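This report refers to the structure that appears directly beneath it.
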Amino acid sequence: MKKLIILTLSILLNGIFAIASPFSFSFDETTGEATLLSVDKTLPKTAIIPDSVENGGRWYTVTKIAKQAFAKCGKMETVQLPSGLKKIGPVAFAECGKLKSIAIPQGVETIPHHCFYLCSSLESVTLPSTLKSIEHDAFIACRSLQTIHIPNSVHHIGSWAFGENIALESVELQPGNKKLSIGDHAFDRSGLKTLIIPSFVDSLGEYVFNGCSSLKSATIETDLDTLPKMTFHGCENMTGLTLKGKMNAIAYGAFSGCKKLESITLPTTLKGIGVNAFDGCKSLATINLQNLTLLQTIGEAAFSGCENIEKISLPNGIKKIEDGTFMSCHSLIEITGENVESEAEFSFYDCPKLRTKKFAK
96 MKKLIILTLS ILLNGIFAIA SPFSFSFDET TGEATLLSVD KTLPKTAIIP
146 DSVENGGRWY TVTKIAKQAF AKCGKMETVQ LPSGLKKIGP VAFAECGKLK
196 SIAIPQGVET IPHHCFYLCS SLESVTLPST LKSIEHDAFI ACRSLQTIHI
246 PNSVHHIGSW AFGENIALES VELQPGNKKL SIGDHAFDRS GLKTLIIPSF
296 VDSLGEYVFN GCSSLKSATI ETDLDTLPKM TFHGCENMTG LTLKGKMNAI
346 AYGAFSGCKK LESITLPTTL KGIGVNAFDG CKSLATINLQ NLTLLQTIGE
396 AAFSGCENIE KISLPNGIKK IEDGTFMSCH SLIEITGENV ESEAEFSFYD
446 CPKLRTKKFA K
(Lines of atoms letter the chains of each structure in order from A and count residues from 1; the text may use other names and numbers.)
(Lines give C-alpha, C1' and ligand atoms only; values in the text may rest on other atoms or scores of the structure.)
Protein backbone atom coordinates (compact mmCIF):
# COMPACT_ATOMS: atom_id res chain seq x y z
CA MET A 1 0.00 0.00 0.00
CA LYS A 2 1.33 3.45 -0.92
CA LYS A 3 0.70 6.70 0.85
CA LEU A 4 1.34 10.22 -0.36
CA ILE A 5 2.72 12.47 2.35
CA ILE A 6 4.13 15.98 2.12
CA LEU A 7 7.02 16.55 4.51
CA THR A 8 8.98 19.63 5.44
CA LEU A 9 12.70 18.78 5.41
CA SER A 10 15.86 20.60 6.34
CA ILE A 11 18.00 21.86 3.48
CA LEU A 12 21.54 23.13 3.73
CA LEU A 13 21.52 26.84 2.96
CA ASN A 14 24.84 28.71 3.10
CA GLY A 15 26.17 26.19 5.61
CA ILE A 16 23.19 26.55 7.98
CA PHE A 17 20.24 24.17 8.27
CA ALA A 18 17.04 26.09 7.71
CA ILE A 19 13.43 25.15 7.32
CA ALA A 20 12.48 25.47 3.68
CA SER A 21 9.53 24.67 1.48
CA PRO A 22 8.60 21.00 1.49
CA PHE A 23 9.59 18.03 -0.57
CA SER A 24 6.73 15.73 -1.51
CA PHE A 25 7.18 11.99 -0.98
CA SER A 26 5.16 8.87 -1.54
CA PHE A 27 5.73 5.83 0.66
CA ASP A 28 5.50 2.13 -0.12
CA GLU A 29 4.63 0.30 3.09
CA THR A 30 5.38 -3.08 1.53
CA THR A 31 8.95 -2.35 0.49
CA GLY A 32 9.77 0.38 2.98
CA GLU A 33 10.84 2.66 0.15
CA ALA A 34 10.07 6.31 -0.54
CA THR A 35 9.81 8.20 -3.83
CA LEU A 36 10.59 11.91 -4.03
CA LEU A 37 7.74 13.31 -6.11
CA SER A 38 8.37 17.04 -6.31
CA VAL A 39 10.13 19.97 -4.70
CA ASP A 40 9.56 23.65 -4.30
CA LYS A 41 11.08 25.35 -7.34
CA THR A 42 12.70 28.00 -5.13
CA LEU A 43 15.18 25.53 -3.62
CA PRO A 44 18.40 27.24 -2.47
CA LYS A 45 21.89 26.80 -3.91
CA THR A 46 22.63 23.50 -2.16
CA ALA A 47 20.02 20.80 -1.64
CA ILE A 48 20.49 17.55 0.25
CA ILE A 49 18.05 14.72 -0.25
CA PRO A 50 18.13 12.53 2.87
CA ASP A 51 18.90 8.83 2.63
CA SER A 52 15.72 8.06 4.56
CA VAL A 53 12.62 9.87 5.78
CA GLU A 54 10.29 9.18 8.70
CA ASN A 55 6.57 8.77 8.33
CA GLY A 56 4.18 7.61 11.02
CA GLY A 57 6.98 6.36 13.21
CA ARG A 58 8.58 4.31 10.43
CA TRP A 59 11.68 5.13 8.40
CA TYR A 60 11.61 4.75 4.62
CA THR A 61 14.65 4.53 2.32
CA VAL A 62 14.58 7.07 -0.49
CA THR A 63 15.12 5.00 -3.66
CA LYS A 64 13.40 6.94 -6.43
CA ILE A 65 13.15 10.44 -7.85
CA ALA A 66 9.99 10.95 -9.88
CA LYS A 67 9.55 12.44 -13.33
CA GLN A 68 10.20 16.22 -13.43
CA ALA A 69 10.81 16.31 -9.67
CA PHE A 70 13.50 19.01 -9.82
CA ALA A 71 12.71 20.45 -13.24
CA LYS A 72 13.18 24.22 -13.50
CA CYS A 73 14.68 24.65 -10.03
CA GLY A 74 16.30 27.91 -11.04
CA LYS A 75 18.45 28.60 -7.95
CA MET A 76 19.90 25.16 -7.17
CA GLU A 77 23.63 24.79 -7.96
CA THR A 78 24.41 21.44 -6.32
CA VAL A 79 22.33 18.55 -5.10
CA GLN A 80 23.33 15.57 -2.99
CA LEU A 81 21.42 12.45 -3.97
CA PRO A 82 20.54 9.72 -1.45
CA SER A 83 22.97 6.80 -1.26
CA GLY A 84 20.19 4.24 -1.72
CA LEU A 85 18.86 5.78 -4.92
CA LYS A 86 17.92 3.22 -7.58
CA LYS A 87 15.87 5.08 -10.14
CA ILE A 88 15.64 8.60 -11.55
CA GLY A 89 12.60 9.60 -13.59
CA PRO A 90 12.65 11.30 -17.01
CA VAL A 91 13.13 15.07 -17.10
CA ALA A 92 13.98 14.95 -13.38
CA PHE A 93 16.55 17.78 -13.44
CA ALA A 94 15.68 19.41 -16.75
CA GLU A 95 16.20 23.15 -17.11
CA CYS A 96 18.00 23.55 -13.80
CA GLY A 97 19.91 26.43 -15.30
CA LYS A 98 22.33 26.99 -12.40
CA LEU A 99 23.07 23.36 -11.52
CA LYS A 100 26.87 22.99 -11.68
CA SER A 101 27.65 19.48 -10.47
CA ILE A 102 26.04 16.18 -9.63
CA ALA A 103 27.23 12.71 -8.61
CA ILE A 104 24.94 9.81 -9.44
CA PRO A 105 25.22 7.18 -6.67
CA GLN A 106 25.98 3.50 -7.08
CA GLY A 107 22.85 1.48 -7.78
CA VAL A 108 21.40 3.70 -10.49
CA GLU A 109 21.30 1.80 -13.81
CA THR A 110 19.71 4.31 -16.19
CA ILE A 111 19.97 8.02 -16.89
CA PRO A 112 16.53 8.56 -18.44
CA HIS A 113 15.59 10.73 -21.36
CA HIS A 114 15.88 14.51 -20.94
CA CYS A 115 17.06 14.00 -17.36
CA PHE A 116 19.49 16.93 -17.52
CA TYR A 117 18.10 18.67 -20.58
CA LEU A 118 19.25 22.28 -20.84
CA CYS A 119 21.23 22.28 -17.61
CA SER A 120 23.33 24.99 -19.19
CA SER A 121 25.70 25.50 -16.22
CA LEU A 122 26.40 21.82 -15.55
CA GLU A 123 30.18 21.35 -15.48
CA SER A 124 30.74 18.08 -13.63
CA VAL A 125 28.90 14.76 -13.74
CA THR A 126 30.03 11.59 -11.97
CA LEU A 127 28.48 8.37 -13.27
CA PRO A 128 28.39 5.14 -11.23
CA SER A 129 29.85 1.76 -12.21
CA THR A 130 26.31 0.30 -12.02
CA LEU A 131 25.11 2.43 -14.93
CA LYS A 132 23.92 0.48 -18.00
CA SER A 133 22.15 3.00 -20.21
CA ILE A 134 22.20 6.71 -20.99
CA GLU A 135 18.92 7.33 -22.78
CA HIS A 136 18.11 9.71 -25.59
CA ASP A 137 18.53 13.43 -24.92
CA ALA A 138 19.75 12.72 -21.38
CA PHE A 139 22.33 15.52 -21.37
CA ILE A 140 21.30 17.45 -24.44
CA ALA A 141 22.28 21.15 -24.45
CA CYS A 142 24.44 20.91 -21.32
CA ARG A 143 26.61 23.64 -22.77
CA SER A 144 29.13 23.93 -19.92
CA LEU A 145 29.99 20.23 -19.61
CA GLN A 146 33.65 19.82 -20.64
CA THR A 147 34.42 16.15 -20.05
CA ILE A 148 32.54 12.95 -19.33
CA HIS A 149 33.78 9.56 -18.17
CA ILE A 150 31.59 6.68 -19.39
CA PRO A 151 31.96 3.58 -17.16
CA ASN A 152 32.54 0.22 -18.85
CA SER A 153 29.19 -0.96 -17.49
CA VAL A 154 27.34 1.29 -19.97
CA HIS A 155 26.04 -0.63 -22.99
CA HIS A 156 23.92 2.03 -24.66
CA ILE A 157 24.21 5.76 -25.32
CA GLY A 158 20.97 7.00 -26.85
CA SER A 159 20.29 9.46 -29.65
CA TRP A 160 21.18 13.08 -28.88
CA ALA A 161 22.40 11.97 -25.42
CA PHE A 162 25.20 14.55 -25.47
CA GLY A 163 24.04 16.58 -28.44
CA GLU A 164 24.74 20.32 -28.49
CA ASN A 165 27.30 20.04 -25.66
CA ILE A 166 29.43 22.74 -27.23
CA ALA A 167 32.06 22.74 -24.45
CA LEU A 168 32.42 18.94 -24.34
CA GLU A 169 36.02 18.42 -25.43
CA SER A 170 36.65 14.91 -24.12
CA VAL A 171 34.66 11.70 -23.79
CA GLU A 172 36.46 8.85 -22.06
CA LEU A 173 35.07 5.39 -22.77
CA GLN A 174 36.46 3.23 -19.97
CA PRO A 175 38.32 0.12 -21.20
CA GLY A 176 36.94 -3.30 -20.38
CA ASN A 177 33.50 -2.80 -21.85
CA LYS A 178 32.11 -5.79 -23.75
CA LYS A 179 29.54 -4.04 -25.92
CA LEU A 180 28.48 -0.44 -26.49
CA SER A 181 26.02 1.03 -28.98
CA ILE A 182 25.96 4.76 -29.70
CA GLY A 183 22.77 6.22 -31.16
CA ASP A 184 21.96 8.78 -33.86
CA HIS A 185 23.24 12.32 -33.22
CA ALA A 186 24.64 11.20 -29.83
CA PHE A 187 27.42 13.82 -29.95
CA ASP A 188 25.95 16.06 -32.62
CA ARG A 189 27.52 19.56 -32.53
CA SER A 190 29.55 18.81 -29.41
CA GLY A 191 32.95 20.36 -28.73
CA LEU A 192 35.03 17.19 -29.14
CA LYS A 193 38.65 17.81 -30.16
CA THR A 194 39.98 14.27 -30.52
CA LEU A 195 38.16 11.00 -30.79
CA ILE A 196 38.96 7.31 -30.44
CA ILE A 197 36.21 4.74 -31.03
CA PRO A 198 37.49 1.55 -29.34
CA SER A 199 36.91 -1.99 -30.51
CA PHE A 200 34.04 -2.71 -28.10
CA VAL A 201 31.75 -0.17 -29.80
CA ASP A 202 29.58 -2.47 -31.90
CA SER A 203 27.33 0.10 -33.56
CA LEU A 204 27.27 3.80 -34.40
CA GLY A 205 24.19 5.79 -35.30
CA GLU A 206 23.69 8.23 -38.14
CA TYR A 207 24.94 11.81 -37.75
CA VAL A 208 26.67 10.71 -34.53
CA PHE A 209 29.45 13.33 -34.77
CA ASN A 210 27.68 15.68 -37.15
CA GLY A 211 28.84 19.28 -36.95
CA CYS A 212 31.63 18.70 -34.42
CA SER A 213 33.52 21.70 -35.74
CA SER A 214 36.30 21.51 -33.11
CA LEU A 215 37.20 17.90 -33.92
CA LYS A 216 40.79 17.69 -35.21
CA SER A 217 41.41 13.95 -35.52
CA ALA A 218 39.53 10.69 -35.19
CA THR A 219 40.44 7.01 -34.99
CA ILE A 220 37.93 4.20 -35.38
CA GLU A 221 39.34 0.94 -34.04
CA THR A 222 36.18 -1.14 -34.13
CA ASP A 223 34.78 -3.35 -36.90
CA LEU A 224 31.65 -1.96 -38.54
CA ASP A 225 29.61 -3.34 -41.39
CA THR A 226 28.87 0.22 -42.50
CA LEU A 227 30.09 3.61 -41.39
CA PRO A 228 26.69 5.26 -41.07
CA LYS A 229 25.13 8.12 -42.94
CA MET A 230 26.63 11.57 -42.22
CA THR A 231 28.82 10.23 -39.38
CA PHE A 232 31.34 13.07 -39.58
CA HIS A 233 29.38 15.49 -41.73
CA GLY A 234 30.47 19.07 -41.21
CA CYS A 235 33.52 18.30 -39.06
CA GLU A 236 35.14 21.16 -40.87
CA ASN A 237 38.40 21.27 -38.88
CA MET A 238 39.20 17.56 -38.87
CA THR A 239 42.55 17.05 -40.61
CA GLY A 240 43.17 13.34 -40.12
CA LEU A 241 41.17 10.14 -39.86
CA THR A 242 42.26 6.54 -39.36
CA LEU A 243 39.95 3.58 -39.88
CA LYS A 244 41.68 0.61 -38.23
CA GLY A 245 38.81 -1.85 -38.05
CA LYS A 246 37.15 -3.87 -40.77
CA MET A 247 34.43 -2.11 -42.74
CA ASN A 248 32.33 -3.09 -45.74
CA ALA A 249 30.84 0.26 -46.69
CA ILE A 250 30.91 3.99 -46.13
CA ALA A 251 27.39 5.41 -46.25
CA TYR A 252 25.90 8.59 -47.68
CA GLY A 253 27.75 11.79 -46.78
CA ALA A 254 29.83 10.18 -44.04
CA PHE A 255 32.67 12.71 -44.46
CA SER A 256 30.92 15.40 -46.46
CA GLY A 257 31.92 18.93 -45.58
CA CYS A 258 35.16 17.88 -43.87
CA LYS A 259 36.93 20.63 -45.76
CA LYS A 260 40.26 20.38 -43.89
CA LEU A 261 40.58 16.59 -44.09
CA GLU A 262 44.01 16.00 -45.58
CA SER A 263 44.42 12.26 -45.31
CA ILE A 264 42.46 9.11 -44.59
CA THR A 265 43.43 5.47 -44.33
CA LEU A 266 40.67 3.27 -45.72
CA PRO A 267 40.27 -0.38 -44.69
CA THR A 268 41.11 -2.97 -47.35
CA THR A 269 37.82 -4.76 -46.61
CA LEU A 270 35.84 -1.88 -48.13
CA LYS A 271 33.32 -2.89 -50.82
CA GLY A 272 31.34 0.30 -51.33
CA ILE A 273 31.71 4.07 -51.00
CA GLY A 274 28.35 5.83 -50.81
CA VAL A 275 26.83 8.87 -52.45
CA ASN A 276 28.46 12.15 -51.37
CA ALA A 277 30.75 10.23 -49.02
CA PHE A 278 33.65 12.70 -49.35
CA ASP A 279 31.77 15.57 -50.96
CA GLY A 280 33.43 18.90 -50.21
CA CYS A 281 36.65 17.50 -48.73
CA LYS A 282 38.59 20.36 -50.29
CA SER A 283 41.95 19.60 -48.64
CA LEU A 284 42.04 15.89 -49.44
CA ALA A 285 45.12 15.56 -51.64
CA THR A 286 45.54 11.79 -51.83
CA ILE A 287 43.15 8.90 -51.63
CA ASN A 288 44.47 5.38 -52.06
CA LEU A 289 41.77 3.41 -53.83
CA GLN A 290 43.95 1.09 -55.88
CA ASN A 291 44.70 -1.21 -52.93
CA LEU A 292 40.99 -1.69 -52.18
CA THR A 293 40.71 -4.92 -54.13
CA LEU A 294 37.18 -5.65 -52.88
CA LEU A 295 35.77 -2.23 -53.81
CA GLN A 296 32.95 -2.54 -56.33
CA THR A 297 30.93 0.68 -56.13
CA ILE A 298 31.62 4.38 -55.76
CA GLY A 299 28.44 6.45 -55.47
CA GLU A 300 27.34 9.63 -57.18
CA ALA A 301 29.26 12.74 -56.10
CA ALA A 302 31.34 10.60 -53.75
CA PHE A 303 34.42 12.76 -54.31
CA SER A 304 32.72 15.87 -55.61
CA GLY A 305 34.54 19.05 -54.66
CA CYS A 306 37.77 17.32 -53.64
CA GLU A 307 39.74 20.17 -55.15
CA ASN A 308 43.29 19.02 -54.32
CA ILE A 309 43.29 15.45 -55.66
CA GLU A 310 45.56 15.23 -58.72
CA LYS A 311 45.66 11.52 -59.56
CA ILE A 312 43.32 8.61 -58.95
CA SER A 313 43.87 4.93 -59.64
CA LEU A 314 40.70 2.88 -59.42
CA PRO A 315 40.79 -0.78 -58.35
CA ASN A 316 39.78 -3.53 -60.75
CA GLY A 317 36.36 -3.96 -59.19
CA ILE A 318 35.14 -0.58 -60.44
CA LYS A 319 33.46 -0.94 -63.82
CA LYS A 320 31.32 2.18 -63.91
CA ILE A 321 31.82 5.78 -62.80
CA GLU A 322 28.57 7.36 -61.61
CA ASP A 323 27.17 10.84 -62.19
CA GLY A 324 29.22 13.55 -60.52
CA THR A 325 31.54 11.10 -58.77
CA PHE A 326 34.56 13.35 -59.37
CA MET A 327 32.72 16.56 -60.17
CA SER A 328 34.59 19.81 -59.38
CA CYS A 329 37.87 18.06 -58.67
CA HIS A 330 39.70 21.12 -59.93
CA SER A 331 43.23 19.70 -59.61
CA LEU A 332 42.51 16.28 -61.09
CA ILE A 333 44.94 15.59 -63.93
CA GLU A 334 44.79 11.85 -64.41
CA ILE A 335 42.50 8.93 -63.60
CA THR A 336 43.14 5.27 -64.31
CA GLY A 337 40.78 2.32 -64.16
CA GLU A 338 41.69 -0.82 -66.06
CA ASN A 339 38.22 -2.35 -65.81
CA VAL A 340 36.11 0.80 -66.16
CA GLU A 341 33.67 0.20 -68.99
CA SER A 342 31.44 3.28 -68.75
CA GLU A 343 31.11 6.70 -67.22
CA ALA A 344 28.06 8.89 -66.66
CA GLU A 345 27.59 12.18 -68.47
CA PHE A 346 28.67 14.38 -65.57
CA SER A 347 31.19 12.07 -63.88
CA PHE A 348 33.98 14.61 -64.40
CA TYR A 349 31.99 17.81 -64.73
CA ASP A 350 34.02 20.91 -63.85
CA CYS A 351 37.39 19.14 -63.86
CA PRO A 352 39.30 21.72 -65.95
CA LYS A 353 42.75 20.12 -65.62
CA LEU A 354 41.79 16.54 -66.45
CA ARG A 355 43.90 15.44 -69.40
CA THR A 356 44.25 11.68 -69.04
CA LYS A 357 41.64 8.98 -68.61
CA LYS A 358 42.93 5.42 -68.94
CA PHE A 359 39.99 3.04 -68.96
CA ALA A 360 39.19 -0.39 -70.42
CA LYS A 361 39.09 -0.47 -74.18
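If you want my numbering, it's the position in the sequence shown, counting the first as 1, plus 95.
Backbone N, C-alpha and C define an ideal beta-carbon position, used for all residues, glycine too.
Quantities reported herein were computed from a predicted structural model and do not represent experimental measurements.
Does residue i have its Cβ less than 8 Å from a Cβ in chain B?
| i | result |
| --- | --- |
| G286 | In summary, chain B is missing from the structure at hand, where a single protein chain is found. |
Give the DSSP bridge partners of residue i, in chain order.
| i | result |
| --- | --- |
| E149 | W154 |
| L268 | I245 |
| A198 | T221 |
| H208 | None, per the DSSP bridge assignment. |
| S228 | T205, H251 |
| K159 | T130, K182 |
| G367 | A344, T392 |
Between which two residues does the beta strand (DSSP E) carrying residue i extend?
| i | result |
| --- | --- |
| T130 | 128-134 |
| V174 | 173-175 |
| V220 | 219-221 |
| A142 | 141-143 |
| G432 | 429-432 |
| I359 | 358-360 |
| F122 | 118-123 |
What whole-angstrom Cβ distance do residue i and residue j have, given they're in contact under 8 Å?
| i | j | result |
| --- | --- | --- |
| E405 | S426 | 5 Å |
| V186 | H209 | 5 Å |
| I407 | L384 | 7 Å |
| I359 | L387 | Not really, about 12 Å apart at Cβ, beyond 8 Å. |
| L365 | G340 | Contact doesn't hold; Cβ gap of about 11 Å is too wide. |
| H250 | K274 | 6 Å |
| S248 | L226 | 6 Å |
| L222 | I245 | 7 Å |
| G258 | R284 | 6 Å |
Can the beta-carbon of residue i be found closer than 8 Å to that of residue j?
| i | j | result |
| --- | --- | --- |
| L240 | N260 | yes |
| E417 | I382 | no |
| D300 | G329 | Note on residue identity: the sequence assigns Gly, not Asp, to residue 300. No, they are not a contact pair. |
| G286 | I252 | no |
| V157 | L131 | yes |
| E316 | S298 | no |
| A161 | F188 | no |
| G169 | K193 | yes |
| M333 | L356 | yes |
| S215 | A164 | no |
| K415 | E436 | yes |
| A256 | A236 | no |
| A349 | G375 | no |
| N434 | A397 | no |
| G184 | P207 | yes |
| E199 | P177 | With the sequence shown as reference, residue 199 is identified as Ile, and Glu is not the correct amino acid for it. No. Outside cutoff. |
| I413 | G432 | yes |
| V296 | T326 | no |
Practice prompt. List in chain order: all unbroken alpha helix (DSSP H) runs of 4+ residues lying wholly within the segment 269-344.
Written response: Segments of the alpha helix (DSSP H) lying fully in the segment 269-344: there are none.
Discussion item. Which runs of the beta strand (DSSP E) at least 3 residues long sit entirely within the segment 369-453? Give them in chain order.
Written reply: If we require 3 residues or more, the beta strand (DSSP E) runs fully inside the segment 369-453 come out as 406-408, 429-432.
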